[in-house]
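Just so we're aligned: the sequence shown equals residues 1 to 1079 in UniProt numbering. Even glycine gets a Cβ: it sits at the ideal position worked out from N, Cα and C. These figures come from a predicted structure and were not determined experimentally. Written below as structure tokens is the structure these notes are about.
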Amino acid sequence: MSNGMTTEERRLLQNKNKEKYWLKWGPYLSERSWATVKEDYSHDGDAWSFFPFEHANSRVFRWGEDGLFGVSDNRQLICCNVAVWNGKDSILKERMYGLTSHQGNHGEDGKELYYYVDNLPSHAYMKAIYKYPFNKPYPYEELVARNSELGFEDQEFEIYEIDGLFKEKDTGDTPYFDIVYEMAKDDDNPNDLSFRITAYNRSTSKTGELYISPQVFFRNTWSWNETDRVKPHLEKSGNNFVTLSTEKYGTTYAIFAPSPGEFDDGEDDHPTTVATNGVDDDQGILDVEPELLFTENESNWKKLFDSKENPTPYTKDAFNEYIVNKDTEAVNPKNEGTKACGVYHFPKVPPGEYVTVRYKLTDTRLPMFEDEMVIDEDDFDSLFDRREQEADNFYWRVTPAPIPESLRAVQRQAFAGLLWSKQFYHFVQDEWYCGDPLQKPPPPKNRANGRNKDWKHMYAEDILSLPDKWEYPFFASWDTAFHCIPLAMIDPEFAKKQLDIFTREWYMHPNGQIPAYEWNFSDVNPPVHAWAVYRVFKIERNMYGREDRVFLERVFQKLLLNFTWWVNRKDHDGNNVFEGGFLGLDNIGIFNRSEPLPTGGTLEQADSTGWMAFFSLQMLNIALELAKENPVYEDIATKFFEHFLYISDSMSFKFEKNSADNFKEEVKESLWNEEDQFYYDAISWGEPFKQQLPIRSLVGLIPLYACMTLEPRILDKFPGFKKRIDWFLSNRSAMFDRNIASMEKRGIGERLLLALVNEDRLKAILSRMLDETEFLSDYGIRSLSKYHETHPFSMSVNGEQYEVKYLPGESNSGMFGGNSNWRGPVWFPTNFLLVESLQRFFLYYGPDFKVECPTGSGEFLNLAQVAEELQHRLIHLFIPDAEGQRAVYHGEYSEFLSKDPNFEELIPFYEYFDGDTGRGLGASHQCGWTALVAKWIHDTGLSCVRLPRTPRSSVTLSNLDKTQVDSLLNELKPNMPRKIARRKSSKSLINLTATQLELTEEEKYLHCIGSTRRESAKLAQRSGSIISSEEDDEEGVTFEKLKQNQLAEEESRLVNELRRRLSHTTINSADEDELECLP
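Structure, rendered in structure tokens:
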């Protein structure tokens, strides 16, 4: 491997250098474009009702396409997706289904089983699985009916609870198909896309019918305004291929290979074919030939709105009408239009068997045979084998430490979900607000909702990282900041672009506000952007040895505007106590924090003020980093130092001015409660009228985020900055003494500490945070203390009762749609920042500063150990426990979902988790911030093992006997599964060659033609030879040797590393450098 780089790293470098555009094509279609704000042109702003699911297969989207495992170019002009039908459903399955916000008892809720299994940052290889039942129709009506019977107090009804859909209770049979979707790009041409769909019948007794229909179509860009546009066109050009013509890309071909319809009869002696699918041909091999269908990507207005006529007789729903309703006149007999598909019909797929569909999208003509383009199926499958191997190599390079396979699988699928959750996001606020001249039905004039009316400058046409492409098919800016941490580990260029784009003038408001999300761009999210920018900068430097100071400086300049917006808009009285509003924590407060208080007055928020202190320190960190090469930033660093100091003091103290130059310092109760030793929000009606709200929640933990250590060499490097610190020490010494670890007291390594909490308050807060009867759960830190389970906090205002009670699972109200809950569950983003804060405090206090963990246990850990313990608890949400069950599946169906051989390796990444059981809640594919688990596995995976229940502080490798050590080492060795060799059709290149050479059946048998590689291996074994099913590819061989040699030669190093990690005494230097600015 040249320069020690993996193939995937070279691709990313080629893309960065604009040598090859690897990121032109990717998984850029949404999983749901219906019922979104972008498609809502109603008079009342009810997006869920204006464009319902029932319209989606017949009505054209204005702003972006969706589809099952959809792929498109980066401008979404050419789109591909997959449709399937089991012969029983009421409609063709073209997109994911779920309940709307009105239908679900906890808001919108996807009701499908699908999993993102693999993906490379270049999208040179992608893999996903959709579980499709075939013995019963998909239960659209039943899902609505069953959920309508439930209330806020009930758990959601899930699709796998329906008997006989995915498992029969009486027989244990599993009558569904695993639709395994894969895409691979050509080695030399990133515009050459190969697709492979393999459908496995998972039943042990039932035969299933299946239609597989890959679709290719153009996003409708021509029906909305009077601008002359060149309408794209596609047409049938041969028996098995379609020619696509666009003004931007020229000519592209979609080629559909025949599918082999043979099935092995289970005999060992001779390969045979069973006539179950398709029609016989001259060679006696049964193929399923694709039927090509054509229509227009236009709405069916007659069907939807009883219009007199459609713009074209052939509409978007033609394939559904043709396949499901047998309407042969629905498709265009001229075999042309703007939407096409290849239909593969498999009348009978036996239990335990599979079928394969291969097709391509390419800008290169393939060899012709008669009237067909020929796909070399052996070469085709070899490409997928190579891509899988390259993915193995790349992800091994990302996390080279030998870690358990169970953790590596979690990390790999977390990365996969993160990459699959990219989407082409197109939205022009001004055009949306005014409506389109040719739109039908026309939007109402002067629409009453007026949503986002102050964001007329907003112009989005980008590939964005989204939280969940079904439940949240739009950007959420504070989510994006967390996405970028694991993204930076695998594709720092994309991570940087995500952070940069929200500060560009077509996103950021002229006043400096970063847009929140499309439901309300003006909502206020926590100011985490600066933190993410610096973390991404540091991760790239540590993992890839590159410093992008241009990126750091460019975004920092825009964040100065954002900081000013916060100070000007959110500090109501100019006293450095902030009333930020929503702040992303939905229902955490007793009142809706996005609305005026029913009590009157203003809400002074401990978390808002903590966030601003955190923001100040992150800007200080970046300014010091930039000052290394540009002294101008030293002055800016000083400014943020001062901001932090005044915010810090305002958290607990108020000041009154005696004169222009003198301050009379008067201690008054602000946000810190001395009796409870905790931070609370407070309602202020103007001094001296103030009331604290004694709710023990994340609001009181967030002030821990605001901490930073200063290396002594940093102060020596910047004398002007040091001079300003010394001035404060002389003139504002009381501020340091009460709030901040004294600047005169040096910590470990002669470090200085800036923090909102001093040592006493840190211990007090941690005693609650690490108490299992309060915040500490088996799976991380709860968002609300369990104390409030038996001690709810309530207030009566104007005859209306308000209450906050510990709710470990779903919300018990419809606040913020009812689909999230911050009153007890565990959330990854807030836990991630808590872990990082503990690591920062450790850098100052060192290994001798210990706290009881858990509180009351008698076990004392230093803060690095506490941080690692929290990471391990969070990681264990996803890995099987001693009984083989995953906490995320907690409940009646946990054993099936955790242990069934076709489910057990598939991992969901939920939005948040039950504070008691770890059960996954909310969006099921929140591979945005929940993918943060990949970073924790990278950092602590080696020590994340469940050991005998000895006292936590004394667990070391020396406590384990040889059997336990050997067991640990064996678990860390990589598991390399063998590749599956799929059947070939009679029109694969090798079979066509055999036909032309007129080989006999015996000759074909001897040359392994017309049989699977499994059968070839049997033949080879009988002849005494050995045939490998792997490609003998240089990179694969090299990396295999590297991995095996590393494990064989460095076992002693591994033992030493295990010993170090299990002793929990330090954090490594790379982690330290990621946290702070070092000289």
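In whole angstroms, give me the CA-to-CA distance for residue i and residue j.
i, j, result
"residue 305", "residue 39", "17 Å"
"residue 650", "residue 459", "39 Å"
"residue 707", "residue 631", "24 Å"
"residue 260", "residue 410", "34 Å"
"residue 673", "residue 6", "55 Å"
"residue 534", "residue 488", "11 Å"
"residue 374", "residue 249", "23 Å"
"residue 342", "residue 367", "20 Å"
"residue 431", "residue 463", "20 Å"
"residue 490", "residue 437", "44 Å"
"residue 453", "residue 522", "10 Å"
"residue 525", "residue 561", "16 Å"
"residue 763", "residue 772", "16 Å"
"residue 889", "residue 915", "14 Å"
"residue 986", "residue 288", "10 Å"
"residue 83", "residue 213", "5 Å"
"residue 161", "residue 895", "13 Å"
"residue 477", "residue 391", "29 Å"
Flag this pair as yes or no: are the beta carbons of residue i and residue j separated by less than 9 Å?
i, j, result
"residue 609", "residue 647", "yes"
"residue 21", "residue 191", "yes"
"residue 563", "residue 606", "no"
"residue 256", "residue 240", "yes"
"residue 552", "residue 626", "yes"
"residue 90", "residue 137", "yes"
"residue 724", "residue 783", "no"
"residue 868", "residue 770", "no"
"residue 127", "residue 173", "no"
"residue 767", "residue 855", "yes"
"residue 216", "residue 361", "yes"
Got a sec, what are the start and stop residues for the alpha helix (DSSP H) residue i sits in?
i, result
"residue 644", "632-650"
"residue 792", "Taken as a continuous stretch (DSSP letters only), residue 792 belongs to no alpha helix (DSSP H), as it is neither H nor E."
"residue 1080", "The requested residue 1080 does not occur in the structure, where the chain is confined to residues 1 to 1079."
"residue 147", "140-148"
"residue 874", "863-875"
"residue 221", "Element bounds for residue 221: n/a, residue is neither H nor E."
"residue 933", "933-940"
"residue 304", "301-305"
May I ask which residues mark the beginning and end of the beta strand (DSSP E) holding residue i?
i, result
"residue 477", "No beta strand (DSSP E) contains residue 477, which is instead part of the alpha helix (DSSP H) from 477-490."
"residue 457", "Element bounds for residue 457: n/a, residue is neither H nor E."
"residue 254", "250-256"
"residue 751", "That residue, residue 751, is in no beta strand (DSSP E); it is neither H nor E in DSSP."
"residue 14", "Element bounds for residue 14: not the beta strand (DSSP E) but the alpha helix (DSSP H), 7-16."
"residue 47", "From DSSP, residue 47 is part of no beta strand (DSSP E) but of the alpha helix (DSSP H) over 47-50."
According to DSSP, simplified to helix, strand and coil, what is residue i?
i, result
"residue 393", "helix"
"residue 358", "strand"
"residue 611", "helix"
"residue 432", "helix"
"residue 564", "helix"
"residue 903", "coil"
"residue 70", "strand"
"residue 982", "coil"
"residue 829", "helix"
"residue 286", "coil"
"residue 212", "strand"
"residue 1075", "helix"
"residue 422", "strand"
"residue 497", "helix"
Does at least one heavy atom of the ligand GTP sit under 8 Å from the Cβ of residue i?
i, result
"residue 705", "For the ligand GTP, the structure offers nothing, since it holds no ligand at all."
Uninterrupted beta strand (DSSP E) stretches inside the region 674-745 (no shorter than 3 residues)
681-684, 690-693, 707-710
Restricting to runs no shorter than 3 residues, where is the beta strand (DSSP E) found entirely within the region 61-121?
68-73, 78-85, 114-119
Which whole runs of the beta strand (DSSP E) in the region 320-371 are 3 residues long or more, in chain order?
339-349, 354-362
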